[in-house]
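Visitor: Can you keep this structure in mind? I'll have questions shortly.
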Amino acid sequence: MRALKRFIQSLAQTKEENRHSMVGPAHLWKMKRDFQIHFLKKENLKPEHYLLDIGCGTLRGGIPLIAYLQNGHYFGVEVREDALDEGRKELNEAGLEEKKPTLLVSSDISKLSIEQKFDYIWAFSVLLHMSDEILNDTLAFVSDHLSNTGAFYANVYIGEWKEGNWLEFPVVARTFEFYSNACTKNYLAMSDLGYLKDYGHISNVKSQDNQRMLKITKN
Ligand SMILES: C[S@@+](CC[C@H](N)C(=O)[O-])C[C@H]1O[C@@H](n2cnc3c(N)ncnc32)[C@H](O)[C@@H]1O
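Going by numbering that gives the first Met the number 0, the residue at position 26 of the sequence shown is 25; the numbering climbs one at a time, nothing skipped.
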């Protein structure tokens, strides 16, 4: 009986770990979940704000944000349907469906239509997986959907390399100048908020903790 219980428990764990590993290393899942809402609260996110989470994945960061924000104020966009399906399951398991988040699968953000301006736009570990063309489309979307006083936050690798892939996505480092020029082209202004580790992102993977957080606002 005990062995059966352990077997069932191990199946459950594997299922959870499988879900968590769809957005990164499973052992860092909780730290990366907690980091997101802590960072945004430090940047003054309030329940009444509207937030768009670009590349929301399985709602690793999304679930605490949905719980915190008022009904209908969380919007998530994701390119992988299977990842968002897991997010929907997690939403149900967390008993948060009544918060009525808008969850959208979109393979091309330049064709996405959302009738909402956002106080916060968030892309955690997403821009660094985009080609230059998709990055530009994303910034154009941000420019159209950010409220005049709103802010778009995104973590990035700073440097000049393209290092293999993560799943079907590239892993890209760009210079501040590149990001700044891409923002200017889209009527946005960029500033560097510093290292992720200084905001509590401690993964003990130096390259990740040394990623920078960008704050992007309307020009
Ligand atoms: C490292 S995961 C982070 C997921 C989520 N932001 C989090 O922190 O839990 C990157 C996510 O970005 C998504 N993604 C990559 N390119 C995208 C695009 N062009 N549009 C929307 N989502 C994208 C991936 O499918 C993946 O779920």
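All C-beta atoms in this analysis are idealised placements derived from N, C-alpha and C, irrespective of residue type, glycine included.
Say yes only if the C-beta of H144 is nearer than 6 Å to one or more non-hydrogen atoms of ligand 1, and no if none qualify.
Guide: Incorrect: H144 has no Cβ contact closer than 6 Å to ligand 1.
Visitor: So, are the CB atoms of Y152 and Q210 less than 7 Å apart?
Guide: No.
Visitor: With C-beta atoms as the reference, is I120 less than 7 Å away from L145?
Guide: Yes.
Visitor: Leaving out five residues before and five after N218 in sequence, what residues of the same chain have Cβ atoms less than 7 Å from its Cβ?
Guide: Taken in chain order, the residues that qualify are Y186, L187 and A188.
Visitor: Would L44 and G86 qualify as a contact pair, given that the criterion is a beta-carbon distance under 7 Å?
Guide: No, Cβ-Cβ distance for L44 and G86 is not below 7 Å.
Visitor: Going by the DSSP bridge assignment, what does L145 pair with across the sheet?
Guide: Note: L145 sits in a beta bridge opposite F117.
Visitor: Within this structure, are the beta carbons of F122 and G54 separated by less than 7 Å?
Guide: Looking at the sequence itself, residue 122 is Ala, so the reference to Phe does not match. Going by C-beta atoms, A122 is nearer than 7 Å to G54.
Visitor: Using the three-state DSSP reduction, which class does V78 fall into: helix, strand or coil?
Guide: Reduced to three states, the DSSP call for V78 is coil.
Visitor: Determine the burial state of T3: buried for a count of at least 16 other Cβ atoms within 10 Å of its Cβ, exposed for fewer.
Guide: Checking the sequence shown, residue 3 turns out to be Leu, not Thr. L3 comes out exposed.
Visitor: Using a C-beta cutoff of 7 Å, does K110 count as contacting chain B?
Guide: In the structure shown, chain B cannot be found, because there is only a single protein chain.
Visitor: How big is the Cα-Cα spacing for V78 and H128?
Guide: C-alpha separation (whole angstroms): 12 Å.
Visitor: Does the segment 21-37 come close enough to the segment 189-202 that 3 or more CB-CB pairs lie under 8 Å?
Guide: Yes, they touch.
Visitor: Under the three-state reduction of DSSP, which class applies to N185: helix, strand or coil?
Guide: N185 falls in the coil class under three-state DSSP.
Visitor: Please tell me whether F117 and G149 are closer than 7 Å, where the distance is taken between their beta carbons.
Guide: Against a cut-off of 7 Å, the Cβ pair of G149 and F117 comes out as a contact.
Visitor: Is the Cβ-Cβ distance between L95 and I65 less than 7 Å?
Guide: Cβ atoms of L95 and I65: closer than 7 Å.
Visitor: Please say whether E162 and V170 have beta carbons closer to each other than 7 Å?
Guide: Yes; because the gap between Cβ atoms is below 7 Å, this pair is in contact.
Visitor: If you run the structure through DSSP and keep just helix, strand and coil, what is N135?
Guide: The answer is helix: DSSP assigns N135 an H, G or I state.
Visitor: When you compare each of Y73, P46, K41 and H37 to D52 by their alpha carbons, which one comes out closest?
Guide: The candidate whose alpha carbon is nearest that of D52 is Y73.
Visitor: Please determine whether the Cβ atom of A66 lies at a distance below 6 Å from any heavy atom of ligand 1.
Guide: Every heavy atom of ligand 1 is 6 Å or more from the Cβ of A66, so no.
Visitor: Is Y89 buried or exposed, if buried means 16 or more other CB atoms sit within 10 Å of its CB?
Guide: Note that residue 89 is Glu in the sequence shown here, rather than Tyr. When all chains shown are included, E89 counts as buried.
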